[in-house]
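Engineer:
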Amino acid sequence: MLLLDTGDDEDAWEDVLWRMGELPGVQDPSPGPAADAGRGTAVPRRLLVAHDTAWRGATAEEAAAAPDRPGVWVPDLVVLTDERTERHPDIRPLPAFRGGDAFWITPRQAAMTYLVPHRPHLGFAFDDFATWGPLDLDRESVDEGDEVDEERYGPVGAELEKRDAPPRYTRPARELPALLQDTDLLVRTDFGDDAAWAALVEPVRRPPHSDVIDDFGPYLRFVDDPAFAGATPEQVMAQLRFGDGEDVSDVLLIADAVTLSAPGSRCSRCPSRRTSASPSWWNRKRWEP
1 MLLLDTGDDE
11 DAWEDVLWRM
21 GELPGVQDPS
31 PGPAADAGRG
41 TAVPRRLLVA
51 HDTAWRGATA
61 EEAAAAPDRP
71 GVWVPDLVVL
81 TDERTERHPD
91 IRPLPAFRGG
101 DAFWITPRQA
111 AMTYLVPHRP
121 HLGFAFDDFA
131 TWGPLDLDRE
141 SVDEGDEVDE
151 ERYGPVGAEL
161 EKRDAPPRYT
171 RPARELPALL
181 QDTDLLVRTD
191 FGDDAAWAAL
201 VEPVRRPPHS
211 DVIDDFGPYL
221 RFVDDPAFAG
231 ATPEQVMAQL
241 RFGDGEDVSD
251 VLLIADAVTL
261 SAPGSRCSRC
271 PSRRTSASPS
281 WWNRKRWEP
């Protein structure tokens, strides 16, 4: 991913960086070995952050043309700050594009997307983003006299920025192991009560009211690894690797301290399949087994 500062508001730029979090693989554009980007992470990534006055006032078209030269690294996604980013401090919308798809995206949604650049069929998600948050929405002609429905069409991830506890990736205290996600996952991150974990696993594996599947074990892998103790959903999500098979898993479930503190508590749910019905496909919600 390439992040360019084309505005002239330092506070807005710093706010965007803070919302995106302590992402792995950050690299500045200065000359250096590209192989160093993302070293030490389970999944190699590169986020090139360009904060240079030479880009001030640059248009999306000029930014798109920059990597379009022989021998130049081509990012999966280019994200910019501009005057609208500065005018809307509540969500900090960012112009973004990938190939011919251009759309508005918020810093947190860009960060969550960056954590899964290797996701199978990620291009379909960008197609969805271009549908729900088209770059030219506030300039296109809707029906005469009608107002644009900002609740339906607008920057992808706007609701993430408005949450009481919005998602933000922070650097883990220690390196976490990679997780192969060739099926749905339920990952334990709290290890204070083994009985509570066992009480959660059993009804998830064998739901008492299911008359279709007796045992969901083959469709859901239970990860009971103390290496993930205290990990946040975003940190776990960053460790996902995906197989080469055709099957694409739907969801990552997190059993944290809240989940295991009392019977009937809910898991955190991170949908991991692109969903055309929702503009923000990396929503983190609570899920009740």
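Going by full-length UniProt numbering, the first residue of the sequence shown is number 1, and it counts up by one from there.
Using N, Cα and C, we set each Cβ at its ideal position, and we do this for glycine too.
#1: Can you give me the C-alpha to C-alpha distance between S141 and W13, rounded to a whole angstrom?
#2: By a C-beta neighbour count over all protein chains shown, 10 Å radius and 16 as the cutoff for buried, is G99 buried or exposed?
#3: Hey, is the stretch 213-231 in contact with the stretch 178-191, meaning 3+ C-beta pairs nearer than 8 Å?
#4: Measure the CB-CB distance between P233 and F191 and report whether it falls below 8 Å.
#5: What are the start and end residues of the beta strand (DSSP E) that includes F97?
#6: Mind checking who L180 pairs with in its DSSP beta bridge?
#7: Any contact of the stretch 194-203 with the stretch 157-165, i.e. 3+ C-beta pairs under 8 Å?
#8: What would DSSP say about L115, mapped onto helix, strand or coil?
#9: Within 10 angstroms of its Cβ, does S268 collect 16 or more other Cβ (buried), or is it exposed?
#10: State yes or no: is the C-beta of D2 within less than 8 Å of the C-beta of V78?
#11: Please classify V16: is it buried, with 16 or more other beta-carbons within 10 angstroms of its beta-carbon, or exposed?
#12: Would you kindly check if the distance between the Cβ of W55 and the Cβ of T6 is under 8 Å?
#13: Looking at P93 and T85, is the spacing between their C-beta atoms short of 8 Å?
#14: With 16 as the cutoff for other CB atoms within 10 Å, does D146 come out buried or exposed?
#15: What does the alpha-carbon distance come out to for the pair L200 and A64?
#16: So what does D15 bridge to, in DSSP terms?
Structural biologist: Short version:
#1: Note that S141 has pLDDT 41, beneath the 50 cutoff, so the model's placement of it is unreliable and no number is given.
#2: Answer is exposed; the Cβ neighbour count stays below 16.
#3: The count of Cβ pairs closer than 8 Å, one atom from the stretch 213-231 and one from the stretch 178-191, reaches three, so the stretches are in contact.
#4: Cβ distance not < 8 Å, so P233 and F191 don't count as in contact.
#5: F97 -> beta strand (DSSP E) spans 94-98.
#6: According to DSSP, L180 bridges with R241.
#7: No contact exists between the stretch 194-203 and the stretch 157-165.
#8: Here L115 carries a coil assignment [DSSP, helix/strand/coil].
#9: With 16 or more Cβ atoms within 10 Å of its Cβ, S268 is classed as buried.
#10: Reading the sequence as shown, one finds Leu at residue 2 and not Asp. Cβ distance < 8 Å, so L2 and V78 count as in contact.
#11: Buried.
#12: In this structure, W55 lies closer than 8 Å to T6 by Cβ.
#13: Against a cut-off of 8 Å, the Cβ pair of P93 and T85 comes out as a contact.
#14: Confidence is the limiting factor: at D146 the pLDDT is only 46, short of 50, which leaves the residue's position unreliable, though a coordinate-based value still follows. The residue is exposed, with fewer than 16 neighbouring Cβ atoms inside 10 Å.
#15: Distance between the alpha carbons of L200 and A64: 49 Å.
#16: By DSSP's assignment, D15 forms no beta bridge with any residue.
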